[in-house]
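Under the numbering used here, the first residue of the sequence shown carries the number 2, and numbering increases by one thereafter. Structure first, then comments.
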Amino acid sequence: MLNWLKNQAHTKWADVPASQDGETLIHASAQEIYEKLDFASPANALRERGFKFGPGNPAYRIYELTDPDIPESRLVFEVTEAEPGKRYAYRVVRYVDGNESPVSESEREYTIEPAPQGGHFLHLKETSTLEENVHRDEYVLARAQLNFRVFRNLARLKLHVELGAEAASFK
Numbered sequence: 002m003l004n005w006l007k008n009q010a011h012t013k014w015a016d017v018p019a020s021q022d023g024e025t026l027i028h029a030s031a032q033e034i035y036e037k038l039d040f041a042s043p044a045n046a047l048r049e050r051g052f053k054f055g056p057g058n059p060a061y062r063i064y065e066l067t068d069p070d071i072p073e074s075r076l077v078f079e080v081t082e083a084e085p086g087k088r089y090a091y092r093v094v095r096y097v098d099g100n101e102s103p104v105s106e107s108e109r110e111y112t113i114e115p116a117p118q119g120g121h122f123l124h125l126k127e128t129s130t131l132e133e134n135v136h137r138d139e140y141v142l143a144r145a146q147l148n149f150r151v152f153r154n155l156a157r158l159k160l161h162v163e164l165g166a167e168a169a170s171f172k
């Protein structure tokens, strides 16, 4: 599992993108789940949680968002794949003044599949590019944060779809 830590003499920690994935069962229709992911939807989870949508360029599937908890942030999303009820993928670049994270951009791919006993599995695969020349300690911390983020995002979406936006508003 932690093969990337084995070579202590290695210095180019960020030379390969970091990839994490996770899955959760959501008791809802594929369409309900998809609407929470789709930036163009009025029911988008981020929109319902108070993110401000900036100008972007929806005609080219580019969206610009600001996190209400970090008003100086600007997140730019480029949707790379959108198959209603099945898949939603995008690339995100984060611009934050004083951002200490070594992550320069991420790609997220959500897949929705029916579960045998009802509901749907939501699978998230996230691949992140880290800045060059990241120190080993920063790399280890970033990998842990990225892994946590995948499961936090899945938990937040599950709560949002099943219980509403207030249930998903934890920090």
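All residues carry an ideal CB built from backbone N, CA and C; glycine is no exception.
Residue from the options whose Cα sits closest to the Cα of residue i
i                : options                           : result
threonine 130    : Ser102, Pro72 and Asn154          : Ser102
histidine 124    : Gln118, Glu132, Glu133 and Glu114 : Glu114
phenylalanine 52 : Asp39, Ser42 and Asp70            : Asp70
glutamine 21     : Phe152, Glu65, Val162 and Ala156  : Phe152
valine 104       : Gln32, Tyr91, Arg88 and Leu147    : Leu147
alanine 156      : Phe122, Glu133, Ala31 and Leu66   : Phe122
threonine 128    : Asn134, Leu158, Leu47 and Val94   : Val94
alanine 166      : Leu47, Val17 and Ala31            : Leu47
valine 17        : Ala90, Asn134, Thr112 and Asp138  : Asn134
Straight-line gap, residue i to residue j (C-alpha atoms, nearest Å)
i             : j              : result
glutamate 106 : glycine 23     : 19 Å
alanine 83    : glutamate 49   : 20 Å
glycine 55    : glutamate 110  : 23 Å
threonine 81  : tyrosine 61    : 10 Å
glycine 119   : arginine 92    : 30 Å
lysine 87     : asparagine 154 : 18 Å
Neighbourhood of residue i by C-beta distance below 7 Å, restricted to the same chain and skipping five residues each side
i             : result
serine 42     : Glu36
tyrosine 64   : Phe40, Phe54, Gly57 and Phe78
glutamate 163 : Ile27, His28 and Ala29
alanine 116   : Leu26 and Phe122
methionine 2  : Bear in mind that the predicted position of methionine 2 carries a pLDDT of just 46, short of 50, making it unreliable; the figure below should be weighed with that in mind. Excluding positions up to five away in sequence, the list is empty.
Contacting residues, own chain, Cβ-Cβ under 6 Å from residue i (five flanking each side not counted)
i             : result
alanine 44    : Glu36
glutamate 139 : Pro103
Just list the alpha helix (DSSP H) runs in the region 29 to 98, keeping only unbroken ones of 4 residues or longer that don't cross its boundaries, in chain order. 31 to 38 and 46 to 49
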